[in-house]
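*Asks:* Here the protein sequences line up with chains L and R, keeping their order. In this text, residue positions in the first sequence follow my numbering: the first is 36, and each later residue adds one. In this text, residue positions in the second sequence follow my numbering: the first is 7, and each later residue adds one. All C-beta atoms, glycine included, are put in the ideal place defined by N, C-alpha and C. Pasting in a structure now, in structure tokens, and then I'll have a few things to ask.
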Amino acid sequence: MNKSKDEFKNQLSSFFNQKISRRDFLKIMGFTTAAVTLSACKGPVIRSIPYVIKPERIIPGIPTYYATTMFDGFDLCSVLIKTREGRPIKIESNMMSKYFNITSARIQASLLSLYDDERLKDPYINNKKVSWNDIDEYVIKRLKYISQNGKKIIILSSSLPSPSTKQLINDFSKVYKNTQLVIYDAFSYSSILDATKEILGIRAIPFYEINKIKLIVSFDADFLGDWSPQNMQKDYATNRKPGINMMRHIQIESNMSLSGANADTRISLKPSEIKKILIEVFHILNGKNSQNKIANNIASEIKNKGSDAVVLADGSKEIYALSLIINLKIKSKALSYKKFLFSKESNNIIFNQFINDLKIGNVGALLLYNVNPVYSFPSILKLENYLKKLDLSISFAMKEDETSKLIKVFAPIPHWLESWGDTHPMTGIYTLIQPTIQSLFNTRQFQNSLIIWKNKIHSINNPANNTNNPANNTNNPANNTNNPADISVGYKYYNNNYINNYYDYLRNFWEKNILSKSNIKSFNIALFNGFIHTNEIHTNKCYYNKNYLNSIINNIDNNIDNFELRLYTKTSIGDGTQANNPWLQELPDPITRISWDNYLTISLKDAQKLGIKNWNTATGAINSNYVDIIVNGLKIINIPIFIQPGQAEGSVGLSLGYGHTKGKVATHSSGINAYLIYKNFNLIHYNVIIKKTEGIHEFASIQLQNTMVGRDDIIAKETDLNTFLNFTKEKWNKEEKITSSKGELPLEKISLWKENDNNTGHHFNISIDLNACIGCGTCVIACNVENNVPVVGKNEIRNSRDMYWLRIDRYYSTKESFKTLHKKNISEPKIYNYLLKPENNPKIRFQPIMCQHCNNAPCETVCPVAATSHGKQGQNMMTYNRCVGTRYCANNCPYKVRRFNWFNYVENKKFDFHMNNDLGKMVLNPDVVIRTRGVMEKCSMCIQMTQETILKAKKENRIIKDGEFNTACSKACPTGAIYFGDINDDKSEIKQQLKNNRTYKLLDFLGTRPNVTYQVKIRNLNK
Amino acid sequence: MNIYKNIIYKINNQLLIIIIIFFISNNIFSEEIIGNYENGKKLFKKHCTACHSINLNKELIGPALAGITKIKNLNWLKKWIKDNKSLIKSGDKDAIAIYEKYNKIEMNVFPQLSNQDINDILLFIETNSNPKIKKSESVITDNNYKSDKNFFPKIIIIEFILLIIIVFFIFVKIQTIYYLFTYKKSPKNIIIQLFNYLIQLFNYLFIIYKYLYILFLNIIKITYIRYVSICIIILLSIYSILNFLMNIDVNTGYKPKQPIHFSHKIHTGINKIDCKYCHSSAKYGKVAGIPSVNLCMNCHNTITQYNGNYIAKGKNKEFYTKEIQKIYKAIGWNPKTREYYNNIEPIQWIRIHNMPDFVYFDHSQHVIIGEKIIKKHKNVDMVCKACHGEVEKMDEIFMANNFTMKWCISCHKTIEIINNTYNINYYKKLIKKHNTISSIGGIDCAKCHY
């Protein structure tokens, strides 16, 4: 007992005497930190801030649609804007409108420019932030001075098809004398307008109704691109439905354009030769003989079709005029004399006059609206001194651009989605622009500024006892405002001088001048529709004099052996207005499949002559040499060069719109500013000298294999019209069969998997008509917008880590096939040397590929965590929160449609695009989750849209009608190539599409049973 | 306590009876308003509260009505209430004076009210306008309030006892140490002696512990037992870790302090306001929505202070009234001048039910389409209760369920397909077989995750 007592005593004493060792200290510290951190593990506090005063029309979670007009100076389209909780998140075409209702990739993407973080947020004078009152004071003082001194006030604007703004400028010029509107488009339509003026007597762009005709002969006119502001894609596709009446399309061009890629017959020639052939054709049609075989063939085809043919041409004023004369000669049904397009008003002559005025010193004030001349008219820099001398220079721009350095006053304007406005794009159509979001920044519309400047000087000029003075005017609405019922009456008495905002001005203008032309009598109804149709037609008679004709024909350029350069605009960037838009920069060119760049396209033979190469690096990415070119004595160095199959020998092509020096995204692209050589607004330049230089350029190409390597009858199937009409399906769309012990069996008979029950409920299918798909990329952008697909930047594209859920593969045809090569006794692997090379003038097939939603999906069986599974409605479902990122599924997918998130693309400085800033994130669709790093993603068949439709029907307790189901791509497709629907609905359009002979499934022999079907492309070869 | 309460209640009851008798007698003597008090109260609430405060001493859009029966002639009042406009037109001086006084805001006319109805209303006004009754009412609530306050002294007492124990313990320890270090013989101090026994007890316990430990070591030496026990320990720890991990971000019972003490119990429990009156977007879209402040103003435009009988523990009427004032601050409204000023301060509520971004949940689908079947399945009288619990009993809202996927799926696996036009058209066979909604894709991943 004592012992134990002592023992205890010792223990106790040792307990009190012991020192804490280092290890114990660490243990204790470790434990306490762990305990503290664990106890601190609490979820973050999430705050919900409801509206203080909720707008009546907004129900959280329910989209609201507004009809408006997309107009950014280059593109124009009647659109519907989908807004969620007051912010626009999607642009859709306004199908109520008859014309200008087709969205393009650029129009779909223009939404993002609204949320551009680099937009000007306040007005500035001499780089100092000021208030609008300061601006008004500063500007009015100078404007007054300038107009009194007799100097010119120039409003330099891009095409301005707005009747009310024109009226306003007219009013403005009455107050400030010597005001002149100069229309200047970066990509000029002046030659077309001038030619039309001379031939058809009206300065407008002719309206072509190509849905009426059977033959299109296009001389270098990229009519599926930007040749005309009129979007011809839909009519083109509907008129090319396979059958006896299928329209034939012949394209004679030097660059490979989108139109050329879709042509039945494409002839690749230098620009000078194209002009020669056009003249030859003209002669033949006028009864002369020609030795030229191509011209003879074309002329005979045109003669055969007579008025069912149309000739389109581009390149210069003369060429365009000649095409118009030919159309008049053959009395083409396509050329409408009653309707004209007014959306482009470029005028080179007046612009050149302005430049002269500037030199003389006649110009006192320069108001730049929607133009960026330092970028798009670089020779203006020679006039820098004159520009700096100006008494007043005002920039009405959304963001800082190249021209900004010459400007003193910045009066930032809102985006078109925040603006009021109207347009008159075409005879018989007036459209309205309405804001769909409150102004994000301290901006003011150009028109509002004009009204304010006009009115303020007016009030000073008017003595107080003037009868027009608002205070004495009994009819003045200010006296009537007490009684709301009188406001509409008061409107009639609005004197333009006392309207102090553009909305009132616009409304007044429409009520007085425009609504009277149509059946719609209410401004609000017009606003609801977004447009009005009127019955106006033109009755101008066409005339042209023979001398003029002779001057065109005799004016043949004498070309030396040097290269000929044809400038063009790309599908994605266009004239460069939207160069700071990451969606568009990343959208691969439909033909070259290169994103983030422009380049000189050259034919293989010329490239070999010059020793120029394109080669693949170890990762597969494409590299190229640089060249210097000399055009008209102007040298541009270090242009990347791309070997383009189909490029005419002796010609090169270069796209406009790249090479900006301002803008985060625009400068991420390493393009060349081709406006440097866009002298005198000429698209074609002769005597171009090309020299190879040092250095290697890195391209970001999304598609590395250009041909189908002999599998032309498996992947993107194609046949010609004769075979299609005269032979059975067996010949041109052979069904795959499986060989078994019981003989050849159809694919449905044999399967490793248990069949799903697909007959109850909905079963969704997509049908893609390869014949209608023109490869324009609208669906790709629509998919990006709808599904929050991130932009990854040039380097990641080079690493083949693009994130596109939907891509449009482009395949070149090859000269040889397995058959012909086997005949030549060439065996593997040599055979692929031939099969990987595209033809010199290849035929192109486009094939949109998204997830095929296989009923027996290879990806589903390999996922270790069952993150991808099959839905009851035919969708192959990807559950991001379950995915652990093993990437087995991507390996096992035969279509390469699964995309892995290598990085977090949101809130990541390395991906400094729209998802890296709060403003840009406003564009994200709240119904689709943003995927994080380490997660696989892919097309979901827009399940958020189908679910919404189903839910709506359930709530209304009804059956879903055909056509209600849609995906982003099927809704956006301008040509209707993509159908989406429920195949369990027997009456549905998709069911009809599946019954079509041309229908096949991609790589069906693998037994994947996709829910996406394709339809064979038909080429009208006129054999 | 109960005795006191009873006494007070009794006193109150007697007081009430006395007061009522007093008033009835008073009425008989002064003016003859004969009517039904309850009906009057109902009618007053229905027709008058839009402009007149139910607290009759307070002025709203219309004047305070307390004691009006004393000031005005009964017949005049009847005329005024029925058709004040014609009374003004007829040139009645009093009527015109009132009309002028209240900024020429016209009072509604009530031709639908019978004389008896007006009598009822006036009785209600007269009965309520006497301040004495109000006092007796407040006595009751004050009692409640006091009983709540007793809670605090209890805590103080407990804390005090705890403190004494701790001090005692420390004192004893110091003594022990002193004893140990000085090796003094057992002191005569009783406390120290007591402590010696305690030390001996500890010693025995230590010995027992030691033997148990030796026993344990011996048992451990048997390999079979050792491995089994190790396995069990490992399995248990894995289970507990898993359990711990599965419960991360499961916030059942999460009840943060909101910027405004909004009591669902008062609003939906006592005053029976429908859930969808405030959370109206639940009918249309995926978000139920927190009501905007302008919606609060629909009622709180007139209800500027709390007058209900219910008061939660630890609160009082002033507290509730203060909380109501926060609405006015948020929307920028001055309750005294009854005018808006342009100063808006949005209320930053703390979100309780927060689905992760990768979950799509649609309220309208459950509230509108699935209303009947969910009510039936969950045996609730209101569809909202199926997930959000008995909100009408919550003073402060909290998360009633765990809102995990397992919990979602548990219904989707057991609820039958609803028999509506849509489903009959697409899933006729399955409805006949009484299949659950999992058979039509109710548990498909991408139905909720996209």
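1) Using a Cβ-Cβ cut-off of 8 Å, state whether R:S144 counts as contacting chain L.
2) Here's a check: name, in chain order, each residue in its chain whose Cβ is nearer than 8 Å to the Cβ of L:L293, leaving out the five neighbours to either side.
3) Since R:T258 and R:M405 are thought to touch, with beta carbons under 8 Å apart, how far apart are those beta carbons, to the nearest angstrom?
4) Please determine, among L:T636, L:P460, L:P447, the residue with the shortest C-alpha to C-alpha distance to L:N483.
5) Residues bridged to L:G778 by DSSP?
6) Among L:D299, L:K772, L:Q910, which has the Cα closest to the Cα of R:Y542?
7) By Cβ distance, which residues of its chain are closer than 8 Å to L:K491, with the 5 residues on each side in sequence left out?
8) Would you please verify whether the beta carbon of L:S1143 is less than 8 Å from any beta carbon of chain R?
9) Rounded to whole angstroms, what's the CA-CA distance from R:G6 to R:I443? Just pull it up for me.
10) Specify the secondary structure class of L:S192 as computed by DSSP and reduced to three states.
11) Kindly indicate which three-state DSSP category L:H459 falls into: helix, strand or coil?
12) Reducing DSSP to helix, strand and coil, say where R:T182 ends up.
13) What residue from R:D363, R:N300, R:I317, R:I356 has the CA that sits closest to R:W339's CA?
14) For R:C454 and R:V365, which I take to be in contact (beta-carbon distance under 8 Å), what is that distance rounded to the nearest angstrom?
15) Nearest-angstrom Cα distance between R:F208 and R:G275?
16) Is there a C-beta anywhere in chain R that falls below 8 Å from the one on L:I994?
17) Please check the pair L:W451 and L:I468, which I expect to be a contact at CB under 8 Å, by giving their CB distance rounded to whole angstroms.
18) Taking the C-alpha atoms as reference points, what is the distance between L:E733 and L:R845?
19) Using a Cβ-Cβ cutoff of less than 6 Å, which residues in the same chain neighbour L:T502 once the five nearest sequence positions on both sides are dropped?
20) Can you look up R:W339 in the DSSP assignment and give me helix, strand or coil?
21) Residues of chain R with CB closer than 9 Å to the CB of L:M912, please, in chain order.
22) Using the DSSP secondary-structure output, state which residues sit across from L:D804 in a beta bridge.
23) Can you pull the chain R residues whose beta carbon is under 7 Å from the beta carbon of L:T118, in chain order?
24) Does the CB of R:D363 have a neighbour CB from chain L at under 8 Å?
25) According to DSSP, simplified to helix, strand and coil, what is L:Y1014?
26) Cα-Cα, which of L:I234, L:S194, L:G236 is closest to L:L216?
27) Going along the chain, which residues of the region 319-353 of chain R sit with their C-beta nearer than 9 Å to a C-beta in chain L?
28) The region 783-817 of chain L: which residues have C-beta closer than 8 Å to a C-beta of chain R, in chain order?
29) Looking at the C-beta of L:R933, does it have a partner C-beta in chain R at a distance below 8 Å?
30) Could you tell me whether the Cβ of R:D368 comes closer than 8 Å to any Cβ of chain L?
31) Answer with buried or exposed for L:N362, where buried requires no fewer than 16 other C-beta atoms within 10 angstroms of its C-beta.
32) Is there a Cβ of chain L sitting closer than 8 Å to that of R:Q371, yes or no?
33) Which ranges would you report for the beta strand (DSSP E) in the region 424-483 of chain L if only whole runs of at least 3 residues count?
34) Applying the criterion that 16 or more other CB atoms from any shown protein chain within 10 Å of the CB defines a buried residue, is R:D148 buried or exposed?
35) Within 10 Å of its beta-carbon, does L:I204 have 16 or more other beta-carbons around it, so buried, or fewer, so exposed?
36) Output, in sequence order along the chain, the residues in the region 887-920 of chain L whose CB is closer than 9 Å to any CB in chain R.
*Replies:* In short:
1) Residue mapping note: residue 144 of chain R aligns to position 138 of the second sequence, counting from 1. Note that R:S144 scores 39 on pLDDT, short of 50, meaning its location in the model is unreliable; the coordinates nonetheless yield the value given after this. Answer no: the Cβ-Cβ gap between R:S144 and chain L never drops below 8 Å.
2) Counted from its first residue, the first sequence places residue 293 of chain L at position 258. Closer than 8 Å at Cβ, skipping near neighbours: D257, L259, G260, T606, P625, I626, I809, G810, C811.
3) Taking the second sequence and counting its residues from 1, the one referred to as residue 258 of chain R is at position 252. Taking the second sequence and counting its residues from 1, the one referred to as residue 405 of chain R is at position 399. At roughly 6 Å, the Cβ-Cβ gap stays under 8 Å, so R:T258 and R:M405 are in contact.
4) The residue given as residue 483 of chain L occupies position 448 in the first sequence. Of L:T636, L:P460, L:P447, the residue nearest in Cα terms is L:P447.
5) Along the first sequence, one-based indexing puts residue 778 of chain L at 743. Per DSSP, L:S775.
6) Given a span of 7 to 456 for chain R in the structure shown, any question on residue 542 of chain R remains unanswerable.
7) Within the first sequence, the letter at position 456 stands for residue 491 of chain L. Its chain contains D171, I175 as the residues whose beta carbon lies nearer than 8 Å to that of L:K491, once the 5 sequence neighbours on both sides are disregarded; these appear in chain order.
8) Here chain L has residues from 36 to 1058 only, and residue 1143 of chain L is not among them.
9) Absent from the structure is residue 6 of chain R, since the part of chain R shown begins at 7 and ends at 456.
10) Here residue 192 of chain L is taken as the residue at index 157 of the first sequence, counted from 1. In the structure shown, the three-state DSSP call for L:S192 is strand.
11) One-based indexing of the first sequence puts residue 459 of chain L at position 424. DSSP places L:H459 in strand when its eight states are reduced to three.
12) Counting from one through the second sequence, the residue named residue 182 of chain R turns up at place 176. Reduced to three states, the DSSP call for R:T182 is helix.
13) As a first step, residue 339 of chain R must be located in the second sequence, where it is residue number 333. Selected option, being the one with the closest Cα: R:N300.
14) On the second sequence, position 448 is the one that residue 454 of chain R refers to. On the second sequence, position 359 is the one that residue 365 of chain R refers to. Correct: roughly 6 Å between the Cβ atoms.
15) Here the question's residue 208 of chain R lines up with position 202 in the second sequence. Here the question's residue 275 of chain R lines up with position 269 in the second sequence. R:F208 and R:G275: Cα-Cα distance of roughly 58 Å.
16) Residue 994 of chain L sits at position 959 when you count from the first residue of the first sequence. For L:I994, the answer is yes, since a Cβ of chain R falls inside 8 Å of its Cβ.
17) Start at 1 with the first residue of the first sequence, and residue 451 of chain L comes out as number 416. Start at 1 with the first residue of the first sequence, and residue 468 of chain L comes out as number 433. Contact annotation, L:W451 with L:I468: C-beta distance approximately 6 Å; criterion of less than 8 Å satisfied.
18) Stepping through the first sequence from its first residue, residue 733 of chain L is reached at position 698. Stepping through the first sequence from its first residue, residue 845 of chain L is reached at position 810. Their backbone Cα atoms lie some 21 Å apart in a straight line.
19) Residue numbering aside, residue 502 of chain L sits at position 467 when the first sequence is read from its first letter. With a pLDDT of 38 at L:T502, under the threshold of 50, the modelled position of this residue cannot be trusted, and the question is left open.
20) Here residue 339 of chain R refers to the residue found at position 333 when the second sequence is read from its first residue. Reduced to three states, the DSSP call for R:W339 is strand.
21) Residue mapping note: residue 912 of chain L aligns to position 877 of the first sequence, counting from 1. By Cβ distance, chain R contributes D450, C451, A452, K453, H455, Y456.
22) Numbered from its first residue, the first sequence carries residue 804 of chain L at position 769. DSSP lists L:Q1050 as partners of L:D804.
23) Looking up residue 118 of chain L in the first sequence gives position 83. The contacting residues do not exist; L:T118 stays about 14 Å from chain R at best.
24) Position 357 of the second sequence, counting from 1, holds the residue named residue 363 of chain R. It does: the Cβ of R:D363 has a partner Cβ on chain L nearer than 8 Å.
25) Stepping through the first sequence from its first residue, residue 1014 of chain L is reached at position 979. If DSSP states are grouped into helix, strand and coil, L:Y1014 belongs with the strands.
26) Numbered from its first residue, the first sequence carries residue 216 of chain L at position 181. Cα-wise, what sits closest to L:L216 is L:S194.
27) A336, I337, G338, I350, E351, P352, I353
28) T795, G796, H797
29) Stepping through the first sequence from its first residue, residue 933 of chain L is reached at position 898. It does not: the Cβ of L:R933 has no partner Cβ on chain R nearer than 8 Å.
30) One-based indexing of the second sequence puts residue 368 of chain R at position 362. Taking Cβ atoms only, chain L reaches closer than 8 Å to R:D368, which makes this a yes.
31) Here residue 362 of chain L refers to the residue found at position 327 of the first sequence. Per the 10 Å Cβ criterion, buried.
32) Numbered from its first residue, the second sequence carries residue 371 of chain R at position 365. Yes, contact with chain L.
33) 427-431, 456-461, 464-468
34) Stepping through the second sequence from its first residue, residue 148 of chain R is reached at position 142. Note that R:D148 scores a pLDDT of 38, beneath 50, so its modelled location is shaky; the value from the coordinates is reported in the next line. Classification of R:D148: exposed, given that the 10 Å Cβ count is below 16.
35) Taking the first sequence and counting its residues from 1, one reaches residue 204 of chain L at position 169. Note on L:I204: 16 or more other CB atoms within 10 angstroms of its CB, so buried under the neighbour-count rule.
36) A901, A902, T903, S904, H905, G906, K907, Q908, Q910, N911, M912, M913, T914, Y915, N916, R917
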